[in-house]
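Accompanying notes for the structure given below.
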Amino acid sequence: MNSAGLRKQAPSIVIWLLLLAMPFWLVGVGGYVELGTRVVVLGLAAMSLNFLLGYTGVLSFGHAAYFGLGAYGAGMIIRYVVPSTGLGILVGTLVGAFAAAVIGPLIIRLRGVYFAMVTIAFGQVFYFIAFRWNSVTGGDDGLIGWTRQPLDLGFTRIDILHNPTAFYYLVLVCFALAVGIMAWLLGSPFGRTLIAIRENERRARFLGIPVDRHIWISWVISCCFVSLAGALYALLNNFVDPRALYWTQSGDFVIMAVLGGMRSFWGPLLGAAIFVVLQDYLSSQTENWMSFLGLFFVLVVLFFPRGILGMMRRKAVT
Amino acid sequence: MTQLILFDAFNGLIVGAFYALMALGLSLILNLSGVINFAHGGFLALGGYFAYMLIPYTGFWGALIVAPFLVAFLGIIVERVLIRPLYGRDPLYSLLLTFGLAFIFEDGTRFIWGAQSLPYQVPGWLLSPLSSAYFFLTGYRLFMVLIVAVAVTAIFLILNYTKIGIRIRAGTLDLETVSVLGVNVRMLRSLNFGLGVYLAGLAGVLAVGQLGLQPTIGASLIMPSFVAIIVGGLGSLTGTLLGGLLIGVASGITTVFWPSATEAVIYVMMAAVLLVRPRGLLGEEGRF
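Heads up: the protein sequence lines correspond to chains A and B, in order.
Residue 0 is where the first sequence starts when you use numbering that gives the first Met the number 0, and the numbers rise one by one after that.
Residue 0 is where the second sequence starts when you use numbering that gives the first Met the number 0, and the numbers rise one by one after that.
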């Protein structure tokens with residue numbers, strides 16, 4: 000690799016090293032391993048949302064629905080079908096992706112705020128199903144009575160339940176897989192086409208690109224990885240409740256992406272890290288953390304609309 | 000059975016009237032400024048709380064008149080200070096901003112007035128049933144429907160016959176031309192925002208008499224209002240009105256047959272409408 004290429008790759012390498020070593024340095028700076036796991040899980044959700052939001056230019060405000068479907072999918076498989084963590088993750092991801100694929104054709108024609116409005120409203124169906132279908136989902140109390148199961152790799156069993164570090168690495172492997180696929184897709188001609196759609200949809204259409212189909216595929220990919228994040232989130236908490244599906248959760252994902260920087264690949268992860276740490280701190284300090292969170296939304300919009308990485312990049316240019 | 004269906008359908012109609020009132024305000028703002036006001040539910044709750052504070056001094060009727068104006072006034076301030084700088088930017092930002100405001104409103108009302116439901120006085124003579132056979136037809140319920148009908152009529156008269164209203168309608172079609180013709184578009188947007196928020200405040204004063212006064216009342220009404228707009232058709236106020244009433248009655252009737260699906264049914268209706276007629280019942284072709 001020549002030096003220019005190395006410089007371009009340097010941020011990614013640093014981020015991967017930081018992520019790989021997280022359980023070791025995080026405790027040193029006063030955190031705990033589960034906090035790091037939460038950052039990675041929610042970071043994956045925000046990065047998946049950003050695949051659609053930042054790279055395709057489609058304003059989705061309903062990603063909590065697929066996050067929650069992934070979470071319920073994983074939880075219900077382990078609770079009712081087979082006590083297998085791997086299968087839970089797989090089924091959870093597929094359930095969310097399937098729902099997104101079915102709903103997609105209804106909404107891909109819409110653009111801008113209308114897309115946002117319809118996606119957020121659709122999410123409520125799943126919320127009310129989870130909330131009302133007491134006998135299966137546990138209703139408002141959430142789905143309880145299950146825990147993540149040891150990983151059986153054939154030659155060895157890894158206890159991820161009592162060893163948070165082992166679970167962190169499981170999450171990191173899933174994260175790496177999903178993020179790797181997204182990075183590869185964005186570098187491929189398909190990803191370039193998505194960016195072209197974002198920049199000028201009409202021109203893309205004139206060039207013969209099937210815009211609606213591309214947006215549909217991008218939507219399904221994005222929702223699929225958000226579901227994966229949801230499944231991991233359920234495993235992290237050993238618990239799912241309908242709030243994972245509620246529309247306010249969607250807003251949290253969007254603010255993470257915006258805060259970190261929608262135009263940068265790693266921005267949403269940074270945004271998620273700040274958001275998680277801030278929420279963790281606020282909810283331990285005050286009962287009115289919701290107000291502060293709201294204020295945080297307002298301040299980000301007014302003062303950091305390009306996100307932190309966007310601002311840094313701009314400074315570097317000037 | 001017939002009576003039960005009538006009862007729930009009528010209940011649904013009332014709730015639908017609130018959806019419609021709220022959705023009309025949302026629609027006005029969305030059509031002219033391209034902003035989805037997530038804080039609309041917060042304004043609605045504030046209408047209820049302002050009325051609660053005013054009733055000891057002004058009585059119910061005074062509160063019914065004053066509280067929505069206070070909410071509208073607050074709305075105009077919010078629009079001027081926070082939302083105005085975001086016009087012309089990616090709609091994402093106004094969405095996030097009003098989203099944050101919704102959090103602040105809900106938590107703020109909880110902080111000031113407490114999380115529990117507060118007692119709310121409506122005049123006693125409105126509460127007695129009008130007929131023993133149709134016990135559910137209390138005066139207050141009819142009164143709410145009546146007020147909503149009056150408010151909606153007033154809005155349509157304003158939009159069709161006053162200068163401001165005609166400018167608002169023109170602005171939803173082509174804001175640039177309206178601006179070139181010498182209309183102060185900033186002022187127009189502020190007034191329009193105030194009008195939309197006024198409707199939320201009015202809905203708040205009325206709704207708390209039926210649904211109870213608590214901080215979450217706004218959050219529970221805002222999603223159905225979105226559905227009302229989508230079902231009715233984007234860009235059409237008549238459609239929004241129709242959509243609100245329709246989903247209200249539909250969820251009311253669903254309560255009789257399948258109580259668990261009361262909330263979910265309206266989203267299924269939305270999916271059906273998007274599938275069969277993507278522009279909504281009365282929406283304009285090619286609006287989005």
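Just so it is clear, CB atoms sit at the ideal spot from N, CA and C, and this is done for glycine as well.
Note that the structure is predicted; figures quoted are calculated from it, not measured.
Item                                                                                                                         : Value
Start-end ranges of the alpha helix (DSSP H) lying completely within the segment 84-146 of chain A, minimum 4 residues       : 84-106, 111-131, 133-136
CB of B:Arg227 within 9 Å of CB of B:Thr239, strictly                                                                        : It should be noted that the sequence gives Ala, not Arg, for residue 227 of chain B. Contact flag set, yes.
Beta-carbon neighbours of A:Ala233, restricted to chain B and to distances below 9 Å                                         : Correct list: empty, because the minimum Cβ distance to chain B is about 22 Å.
Residues within the segment 27-39 of chain B neighbouring chain A, beta-carbon criterion of under 9 Å                        : Leu29, Gly33, Val34, Ile35, Phe37
B:Ile103 versus B:Arg88, B:Arg83, B:Val77, residue with shortest Cα-Cα distance                                              : B:Val77
Nearest-angstrom Cα separation, counted from A:Trp288 out to B:Val196                                                        : 26 Å
Contact between the segment 254-267 of chain B and the segment 30-42 of chain B (3+ Cβ pairs under 8 Å)                      : no
Residue range of the alpha helix (DSSP H) that includes A:Leu68                                                              : 62-75
B:Leu81 to A:Gln278 span [Cα, whole Å]                                                                                       : 24 Å
For B:Val264, three-class secondary structure by DSSP                                                                        : helix
Where B:Val182 sits in the DSSP three-state scheme                                                                           : coil
Residues that B:Tyr86 contacts on chain A, provided the C-beta gap is smaller than 9 Å                                       : In chain order: nothing, as chain A lies at least about 13 Å away.
Top-ranked residue by Cα proximity to A:Asp140, from A:Ala243, A:Pro10, A:Gly103                                             : A:Ala243
C-beta contact flag for A:Gly306 and A:Gly250 at 9 Å                                                                         : no
Exposure label - B:Ile13; buried when at least 16 CB within 10 Å                                                             : buried
Contact with chain A by B:Glu283, beta-carbon distance below 9 Å                                                             : no
Chain-ordered neighbours of B:Tyr266 on chain A, where CB pairs are closer than 8 Å                                          : Ala120, Phe121, Gln123, Val124, Phe127
Minimum C-alpha distance to B:Lys162 - residue among B:Leu145, B:Asn191, B:Gly138                                            : B:Asn191
Minimum C-alpha distance to B:Gly243 - residue among B:Asn10, B:Ala16, B:Leu3                                                : B:Ala16
Beta carbon proximity, A:Thr155 to chain B, threshold 9 Å                                                                    : no
A:Arg156 in three-state terms, based on DSSP                                                                                 : strand
Three-state class that DSSP yields for A:Val239 in the structure shown                                                       : strand
Below-9 Å beta-carbon distance, A:Val257 vs any chain B residue                                                              : yes
Segment contact, 8 Å Cβ cut-off, at least three pairs: the segment 118-134 of chain A with the segment 167-184 of chain A    : no
For A:Asp279, the three-state DSSP class (helix, strand or coil)                                                             : helix
Beta-carbon contacts of B:Ile4 that lie in its chain and below 6 Å, excluding the five residues immediately before and after : Val255
Chain-ordered residues of the segment 238-261 of chain B with a beta carbon less than 8 Å from chain A                       : Ser259, Ala260
Own chain partners of B:Ala199 with C-beta closer than 6 Å, once the 5 adjacent residues on each side are dropped            : Met21, Gly24, His39, Phe42, Leu43
Segment contact, 8 Å Cβ cut-off, at least three pairs: the segment 126-137 of chain A with the segment 254-273 of chain A    : no
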